[in-house]
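One line per chain: the protein sequences are G and U, in this order. According to my numbering, the first sequence holds residues 1 to 521 in order. According to my numbering, the second sequence holds residues 1001 to 1093 in order. For glycine and all other residues, C-beta sits at the position ideal for the given N, C-alpha and C.
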Amino acid sequence: MANWKKFKKFVQKVAKPVALVASIVYPPLIPMIGSALGATGAATAVVGAAALGAGSSLVAGDSLKEALTTGAISGLTAGAVQAVSPTAFDSGLFSGGGAAASGTAPVASTGVTNGLMGSTLPVGAGAGGTQAVAASTLGSTAAQYLTSPAGVSAATQVASDVASKGLIGDVLTKASQLTGLSEGTLGQLGSAGVQALLSGYAAKTTADTQKQAAQTAADAQIEAARIAAEAAKFRPVGVTTRFGSSNFGYDAQGNLVTAGYTPSAEITGYQDRLRALAGQGMTDIEGARAAYQPLTGAAQSLFSLGQGYLAKSPEQAAADYISKQQALITPSRQTQLAEVQNRLFQQGRTGAATAQGGNLMNTNPELAAYYNALAQQDLVLAAQADEEARRRIEFGSGLFDTGANLQGRYYTGQTAAYAPFATAMDTSAKLENLAQVPLTLGTAIGERTTAGTAAAGGLLSEGITSAARTMAPSNAYSLTGDVLGGIAQSPLVTSAIDKAFGVQPQQRTYTLDELKTIFGT
Amino acid sequence: MATAQQVAETKQMVREAMQEEGVSPETLISIGKLAERVLQDKSLYPQLLQAIIDSDLAEAEDLETEIDYELIGVFATLGEMARQMIASGELGA
């Protein structure tokens, strides 16, 4: 094995740490090494790991050769492994098969019966020696012992002893007793090979335990999440009132998928009757335009009439008034004049005139009175004409107001025609709201209860998760302690080791069901 | 047990060592490929040793000619590690 102390600083710094993580960084490497060493099938992983892992377990850069100075066998791990032919690995060493190897391979007379690996190990070649080794399956007692905590602990201790002391007397004996292999067989595997196998098994045990613990924790977290999610599901409450009842539908997974309400018969009865009224109201709306159409014509007539009154100026209107009045009174005036003149003639006073005093000329008193009366009458008429002109203007304006009112009623009448329909619909909607109350109530109550349940579910979820987290170290604890190598994480290596020992480690762990039992879920 | 964190720490250490000792990723990749070829053809082992010497990672008199699978494994892993760090951008090509 490499003596890293003889390399330059870079290699000295990185070699051992790199060897430790080799199986993770470069998974194909280990079987490649195993294959190069002559192993095939599942054995390539174990052999490769032994070649690489044994060296990496050395401390302080000491070479494996130095570590094995006092060992029973001086061969390097690689050499020891090379001593075993590929056929041996395939047919027996790690496959557990019971068939003997090819008859072409000589079987050692010093072969071990009831040994570790199954069928016959034929002659090997290489530095590990030429001694043929015969091995049979691992005894059931040894297998059971290795799966027990005490067995794992013992394997760890022996692996440590092999690393520190080499395959010397008592260490070799312990390894032989532990594995059921003969000392000769172990010698063929070499110190590093035995150490790697035992350490690898122990590491695999721990890896399995940790994997199991992680799985339990993951299961617990999934279950906790499921419980929390289940608790957080919205669960409205069914409510029934005089006016209706709420309805909620769920799918097979308990998820709310539909929500609705059913109005009571009373509500639907009212709504049916209102529907008839609403229909009539709609008919009225449709007929309102035609019904109020005459208002539009009347309004237009008033507008035209008003325009006639407002077309004349006040003076013109007054003059027209005077003319009309004079036309009316002129015949009577002429009659009165004729009567006065006739009376004067009958009395013989026609042409008679009397003085009126001052600068006034002489005149007949009856005629003077007559014409004074006419002048007075004309003054009154003139005064009435102005007032009449104002009255005509006001009347014309009033016609416009009246016309505008009629036009407005045309529209307000149509708008008002909607009232019966709208009232029926509003009333029906209010009845519908009454029927919806159960749905609203059920949803509101559901929100509160769901929040509470979700909080409880969350607490339970946190409890389970925390418990899983707390118990994880205990679940993951392995008696193999710190005898962990990077090779234990390699699926190829672990698979091969499992195959070699044909057993699964047993470790006290808390299962998901136990956690659920603890928390009563 | 080698964990992802341990792998990350190892890569960090390798990266720092490369910088401190002036070892290029190309050198590690080249030697790593040669190490992989040695696993298929043991006769190439002397060439691997020579490459290590030429890269000033060891002196000729310090290397044993006997094939050393741990050495092969370490250099193959270093090459792969350099490839991964270049691919992830942790190292410049």
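Looking at G:416, G:286, G:212 and G:338, the one whose alpha-carbon comes closest to that of residue 367 (chain G) is G:338. One alpha carbon belongs to residue 2 (chain G), the other to residue 211 (chain G), and they sit about 33 Å apart. The criterion of a C-beta distance shorter than 8 Å is satisfied by residue 442 (chain G) and residue 239 (chain G).
Cβ atoms of residue 428 (chain G) and residue 274 (chain G) come within 8 Å of each other, at about 5 Å. The C-alpha of residue 1075 (chain U) is placed about 37 Å away from the C-alpha of residue 177 (chain G).
Taking all protein chains in view, the Cβ of residue 464 (chain G) is crowded by 16 or more other Cβ atoms within 10 Å, so the residue is classified as buried.
Residues 381 of the same chain have their beta carbon placed closer than 6 Å to that of residue 325 (chain G), with the five preceding and five following residues left out of the count.
Setting aside the 5 residues that flank it on each side, residue 392 (chain G) is surrounded in the same chain by 309 and 317, each with a C-beta closer than 6 Å to its C-beta; the list follows chain order. In the three-state DSSP reduction, residue 248 (chain G) falls in the strand class (E or B). DSSP, read as helix, strand or coil, puts residue 171 (chain G) in helix.
For residue 1029 (chain U), the nearest beta carbon of chain G is not closer than 8 Å to its own beta carbon. Taking C-beta atoms as the reference points, residue 1039 (chain U) and residue 1072 (chain U) count as a pair closer than 8 Å.
With contacts defined as CB atoms closer than 8 Å, residue 446 (chain G) and residue 235 (chain G) qualify as a contacting pair.
Neighbours of residue 1081 (chain U) in chain G, taken as residues at a C-beta separation under 8 Å, are given in chain order as 18, 25 and 26. The beta-carbon distance between residue 438 (chain G) and residue 245 (chain G), rounded to whole angstroms, is 5 Å. This is short enough to meet the 8 Å contact definition. With a 10 Å radius around the Cβ and a threshold of 16 neighbouring Cβ atoms, residue 1046 (chain U) comes out exposed.
From the beta-carbon of residue 1085 (chain U), no residue of chain G is found nearer than 8 Å; the closest lies around 10 Å away.
Residues of the stretch 1048 to 1064 of chain U with a C-beta atom less than 7 Å from some C-beta of chain G are 1056, 1057, 1058 and 1062, listed in chain order. In the DSSP secondary-structure assignment, residue 260 (chain G) is bridged to G:247.
In the structure shown, the three-state DSSP call for residue 10 (chain G) is helix. When G:182, G:163 and G:263 are compared, the shortest CA-CA separation from residue 193 (chain G) is found for G:163. Residue-level contact check: residue 1034 (chain U) does not touch chain G, since none of the beta carbons of chain G fall below 8 Å from its beta carbon. Between the alpha carbons of residue 159 (chain G) and residue 452 (chain G) lies a gap of roughly 57 Å.
Judged by beta-carbon spacing, residue 1080 (chain U) lies within the 8 Å limit of residue 25 (chain G), meaning their Cβ atoms are closer than that value. A straight-line Cα-Cα distance of about 28 Å links residue 414 (chain G) and residue 432 (chain G). At a beta-carbon threshold of 7 Å, the residues of chain G lying near residue 1071 (chain U) are 2, ordered along the chain. Within chain U, no C-beta atom comes less than 9 Å from the C-beta of residue 174 (chain G); the nearest is roughly 25 Å away. The stretch 8 to 18 of chain G makes contact with the stretch 1053 to 1067 of chain U: 3 or more CB pairs, one atom from each, lie closer than 8 Å. If you check the CB distance, residue 22 (chain G) and residue 4 (chain G) do not come in under 8 Å. Taking CB atoms only, residue 181 (chain G) has no neighbour in chain U less than 8 Å away.
Within a 10 Å sphere around the beta-carbon of residue 195 (chain G) sit 16 or more other beta-carbons, which makes this residue buried. The beta carbons of residue 322 (chain G) and residue 385 (chain G) sit about 5 Å from each other, so the pair counts as a contact at 8 Å. Within 10 angstroms of the beta-carbon of residue 44 (chain G) lie 16 or more other beta-carbons, which makes it buried. In the structure shown, residue 311 (chain G) adopts coil according to DSSP, grouped into three states.
Under DSSP, residue 240 (chain G) takes part in a beta bridge, and its partners are G:245. At the C-beta level, residue 1028 (chain U) and residue 1082 (chain U) come within 8 Å of one another.
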